[in-house]
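Here the structure comes first, spelled out in structure tokens, and everything after it is commentary.
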């Protein structure tokens, strides 16, 4: 079985960057003001007047397979989509608030789930769901009044109408707060090919995740929480969540919306746009789930992207992707989007990429090595005449994942001993000149769920040796290697070919662990083989990094349901712990951010106790940028910058004062 879904969640960048599902009620989180051009040498002169026009070339370290996030959920594809596609809602880079985008507004309502037979008493009740998940519901804003609930409508076409409805508590099985979302879409929006966008596109995009033939397993869990969806009218769409879920708004709100006419074989317009897919078939042909899923997985528009954003993809090549201003964009108001053209150029070797920058072939490069950032290459006149340097932090964190299903790595004390044997603080100072931040757990370091009371594991090789001995690992035969039951403690450190950061880290680990009598064997594989082995749990240790949003749903990484070896899931370390499961399920249902943050902090402490990862560093991106470009801001939300906000100053040749030409 080719598990493309999880395979495509990975993007080879500084380490390996894996994109976690954004699922935060971030409207309750407010970020600090972000300075503009903080590192620019002319920042004291103030901000120049922005102009429209010109182009920018941004570096990518690896090619992207496509932009359909259902099947290509890499961090880099998500970053590109910020420029070429719109979502229902968008987290504000600076304030962290949830802003309208394709949805100009939305309502959030509660569900009253009625007991069987109550439909005769309440004609406004309706049935949703199927099979054993079918339920009878009333929905709206619900308040308690004595022995009754009082329900009032907040959304269009709510069956209870304009009057308040009183419901006896004895008729209610359960109440689920904040589980019905009705989105009012902007009108007169068109796809890049000119086809009208409407609510049917949104509903179809959610239904994609209900098709088991679609390769979206790593993020399917978010959308399976939606019990039902419906088109109210062409500009209104409604979703019913099965249970309270803190990430409800941003799961659906951040969903990658697909053009139904290009991805849905059952859409009448699809026959017009792709007649070859319908050739030889009668009008009443019924497409199977497998056929529809394969059509989505292999759709040429995954790369020949047709989106809804201010930029339109015009060239997709393994070496570069090009997007130009889409003049038919529906809303230029306060959107920035100053450039006429954005080019993402793929250069896998960082030294080659830095030279391309110097040669004027790149405008932005954020993989500057420490030795270059602090050394001569960024101090030369050639560099300083045209470029400046800076750094930024997002919530990205590196880690070494242990395969806890392997007997030698199943004991938390053994894993803690391994963490104690590696001097992470020294590595932080020597490799990153002290700029990196040590992390102790799996939430975004800058988000509300990160537990700053949990200290990173300290360097203590003596205690590490004691813990290993207590677990039965010590040198019985005097050969210099510790052993147990006749087996030498040997770890295979797996990393992808060409990944210099992982190689450097692995060599340091090899040196440190040898001092405790643990053998580390370095093994590198081509990208595809590396991923296959990881998904099959055919590894001892892997060096990776996660790119979490400010708050993410921990289920995909830590819940027991994704832990068994046959799951091929993001829980590749095989974590299965009932206390962790209970905390995840409790946090998912908690809608109050302050209370939920405390739950995630408890989860953080528990995971730190079990040490399924050797948590590493939140390393800053060290970047170099063309001095002619202004408007750079360093955000805590990955990728840490917004190309939409960059611009050339007024008066720059080839620019103008208005968005459209």
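Residue numbers (this note's numbering): 2 to 662.
Glycine included, C-beta positions come from ideal geometry on N, C-alpha and C.
- For residue 369, same chain residues with a beta-carbon under 6 Å away, outside a window of 5 residues either side, are 623 and 625 in chain order.
- Taking 7 Å as the cut-off, the beta carbon of residue 334 is found no closer than this to the beta carbon of residue 58.
- Rounded to the nearest whole angstrom, the C-alpha separation of residue 614 and residue 403 is 6 Å.
- DSSP, reduced to helix, strand and coil, places residue 303 within a helical segment of the structure shown.
- If you draw a straight line from the Cα of residue 68 to the Cα of residue 196, it comes to about 19 Å.
- The beta carbons of residue 282 and residue 238 sit no closer together than 7 Å.
- For residue 447, there is no enclosing beta strand (DSSP E), as DSSP marks it with neither H nor E.
- For the stretch 445 to 512, the full-length beta strand (DSSP E) segments reaching 3 residues or more read 491 to 497 along the chain.
- By the criterion of a C-beta distance shorter than 8 Å, residue 305 is surrounded in its chain by 314 and 317, once the five residues flanking it on both sides are discounted.
- With a cut-off of 8 Å on Cβ pairs, the stretch 463 to 479 is in contact with the stretch 511 to 521, counting three or more such pairs.
- Comparing alpha carbon positions, the residue from 401, 233 and 280 closest to residue 199 is 233.
- Fully enclosed beta strand (DSSP E) runs of no fewer than 3 residues occupy 542 to 548 of the stretch 534 to 603, in order along the chain.
- At the C-beta level, residue 602 and residue 452 come within 7 Å of one another.
- Per DSSP, the unbroken beta strand (DSSP E) holding residue 100 starts and ends at 99 to 101.
- Taking the CA atoms as reference points, residue 627 sits about 39 Å from residue 533.
- Taking C-beta atoms under 8 Å as the contact rule, residue 258 and residue 524 fail to qualify, at a distance of about 41 Å.
- For residue 221, the three-state secondary structure derived from DSSP is helix.
- Around the beta-carbon of residue 175, fewer than 16 other beta-carbon atoms lie within 10 Å, marking it exposed.
- With a cutoff of 7 Å on beta-carbon distance, residue 366 and residue 41 are scored as not near each other.
- Annotation: residue 379 is outside any alpha helix (DSSP H) and is labelled neither H nor E by DSSP.
- Distance from residue 503 to residue 544 at the Cβ level is roughly 4 Å; contact confirmed, criterion being Cβ atoms closer than 8 Å.
- When the alpha-carbon of residue 308 is set against those of 186, 179 and 84, the nearest one is in 84.
- In this chain, the beta strand (DSSP E) harbouring residue 627 covers 622 to 627.
- Rounded to the nearest angstrom, the Cβ distance from residue 450 to residue 444 is 4 Å, consistent with a contact under 8 Å.
- Within 10 angstroms of the beta-carbon of residue 492 lie 16 or more other beta-carbons, which makes it buried.
- If you draw a 10 Å sphere on the C-beta of residue 78, you find 16 or more other C-beta atoms in it, and that means buried.
- For residue 330, the closest of 262, 45, 579 and 102 by C-alpha to C-alpha distance is 102.
- The distance from the Cβ of residue 110 to that of residue 185 is about 14 Å, inconsistent with a contact at the 8 Å cut-off.
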